[in-house]
Amino acid sequence: MPYKENPNVLVKCNGHTLVYAVTKNGGMIFLFGGFRSEPKGSAIYGYSLELNAWSEVIPTNGVNMPVESTTKIVGVTDSSLNNIYVFDNATMYVYDALQKSLYIAPDLAPYQIYYYATVMLSTDEIAYIGGGKRDNNDNQNNIPMDQILLYNTKISTWSTKTAKVSDGVVPSPRKGHSASIAPDGRIFIYGGFDGDENAIESTGSYPVFAVLEYNNGEFAWSSPQLFGQLYQFRIYHSSHIFGNNLIISFGRNLTHNRLNTIDIIDISNRDNYKVITDFVPPGYVSSTPSPSPSSSSSSKNSIIIASVVVSVGSLIIIGCTYYFIRRYRYRNVIPTPSSGERI
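Have a look at this one:
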């Protein structure tokens, strides 16, 4: 599948978030925060799908947010695709894409999270999963994976819930992982590395793939086997649901020369989660079409004709060769006269 190269972002950054939302003028991809190079530019940029161009976004209500974030951030939208929620430094920023306005939630979160993963639930709550937080001595500690931080977008309040285990184990603490949510509510956690203060990125978390479900106000973990896994683990990547049955994950993996790679995980069967390597997107048309039946038939006829010609030609060559051999062999032989013939 060919990549389409679009205009460059107006600033150099990493650890930022890209979020698709719908404005009055159509769809737009928004960039928030991250770690910036000079010049740092504005806090928000937008890419217009219609104009194929980036532009600076200035909230019309005069509210601003920091240009740089304190960690790698992940933004999510509500079901309307109009409101974007960006969580950083224990603060929830809400950007209204229709009104071009920015709001700051009145209450801070119980704690700041670093290198977390997040999804928007069907209950209009945002779940923050994993990552690390700093203690009173400014040391960064693991957040247990059974401790889920929730933000209620309807009433702007924070709460925490403890997840149970329905099958397998509670995943080990991690940072740099991803979360994606399927239409049926299953939340898929993929990758990440040990979240300790002194951890190194080459130490992956176990299990690499885990499922979190939220039913009737309760979270429950399961750790099914992922078949066909290509790499030991990946970090600082993004995962997104494609259709209803696939997770597409792209970003760094540390077991393949730190290259950016793409994983596709089939989630259609709860009893058989697997990585697939052969995938044809709906509506995809190959650039090298297969030969038509008429051309195939013509090709077969050509092969038959060529075979006949070669066979006939071979017989002619053999006949001529035999004739000349006979002629050469008897060229000096004097014929013997028959009876009654004079010499």
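Counting the sequence shown from 1 gives a position; the working numbering is that position plus 152.
Just so it is clear, CB atoms sit at the ideal spot from N, CA and C, and this is done for glycine as well.
In this text the structure is predicted, and so the values were computed from the model without any measurement.
| Check | Outcome |
| --- | --- |
| Where the beta strand (DSSP E) through Ser-253 begins and ends | 253 to 256 |
| Straight-line gap, Leu-233 to Arg-188 (C-alpha atoms, nearest Å) | 27 Å |
| Sequence-distant residues of its chain with Cβ nearer than 6 Å to Ser-318 (five each side left out) | Ala-372 and Ser-374 |
| Nearest residue (CA-CA) to Ser-541, options Glu-370, Ile-393, Ser-330 and Glu-208 | Because the chain is modelled from 153 through 495, residue 541 falls outside the range shown and cannot be assessed. |
| Same chain, Cβ closer than 6 Å to Ala-242, neighbours up to 5 away in sequence not counted | Leu-260, Ala-261 and Gln-264 |
| Local conformation of Glu-365 per DSSP, three classes | strand |
| Buried or exposed by the 16-neighbour rule on C-beta atoms within 10 Å, applied to Glu-277 | buried |
| Burial state of Asn-177 (16 or more Cβ within 10 Å) | exposed |
| Proximity to Ile-181 [Cα-Cα], best of Pro-191, Cys-165 and Ser-200 | Ser-200 |
| Where Asn-397 sits in the DSSP three-state scheme | coil |
| Alpha-carbon to alpha-carbon, Ala-205 and Thr-314 | 44 Å |
| Pair within 9 Å by beta-carbon distance, Ala-249 and Thr-175 | yes |
| Start-to-end residues for the beta strand (DSSP E) that takes in Met-272 | 269 to 272 |
| Range of the contiguous beta strand (DSSP E) that encloses Tyr-303 | 299 to 304 |
| Environment of Ser-491 [buried if 16+ CB atoms lie within 10 Å] | Caution is warranted here: a pLDDT of 43 is assigned to Ser-491, below 50, making its placement in the model unreliable, and no coordinate value can be reported. |
| Supposed contact pair Gly-343 and Lys-327 - C-beta distance, whole angstroms, cut 8 Å | Their Cβ separation, rounded to whole angstroms, is 10 Å, which puts Lys-327 and Gly-343 out of contact at 8 Å. |
| Assigned exposure category for Lys-306 - 16 Cβ within 10 Å defines buried | exposed |
| Exposure label - Pro-159; buried when at least 16 CB within 10 Å | exposed |
| For Ile-428 and Tyr-245, the rounded distance between their alpha carbons | 37 Å |
| Proximity of Asp-142 and Asn-294 at Cβ, strictly below 9 Å | No answer is possible for residue 142: it lies beyond the span of the chain, which begins at 153 and ends at 495. |
| Simplified DSSP state of Ser-200, which is helix, strand or coil | strand |
| Straight-line gap, Lys-164 to Glu-220 (C-alpha atoms, nearest Å) | 12 Å |
| Inter-residue Cα distance where the pair is Ile-94 and Asn-213 | The displayed coordinates of the chain run from 153 to 495. Any statement about residue 94 would go beyond what the structure contains. |
| Cβ-based burial, Asp-346 [other Cβ within 10 Å; buried from 16] | buried |
| Boundaries (first-last residue) of the beta strand (DSSP E) holding Asn-294 | 292 to 294 |
| Close-in-space but distant-in-sequence residues of the same chain around Lys-426 (CB under 8 Å, 5 per side omitted) | Leu-378, Phe-379, Gly-380, Ile-417 and Asp-418 |
| Cβ of Gly-337 within 9 Å of any chain D Cβ | Among the protein chains of the structure shown there is no chain D, as only one such chain exists. |
| Beta-carbon separation (whole angstroms), Val-95 vs Pro-376, contact threshold 8 Å | The shown model of the chain, from 153 to 495, leaves out residue 95, and the question about it has no answer. |
| Backbone CA spacing between Asp-290 and Lys-252 [nearest angstrom] | 36 Å |
| Check whether Tyr-366 and Thr-309 have beta carbons under 9 Å apart | no |
| Residue range of the beta strand (DSSP E) that includes Ala-334 | Counting along the chain, Ala-334 falls outside any beta strand (DSSP E), and DSSP gives it neither H nor E. |
| Leu-162, enclosing beta strand (DSSP E) - first and last residue | Careful: Leu-162 lies outside any beta strand (DSSP E) and carries neither H nor E. |
| Simplified DSSP assignment, three categories, for His-496 | In this structure the chain extends from 153 to 495, so residue 496 is not present and cannot be described. |
| Spatial neighbours of Ser-420 in its chain, beta-carbon cut-off 7 Å, leaving aside the 5 residues before and after | Asn-397 |
| Secondary structure of Ile-225, DSSP reduced to three states | coil |
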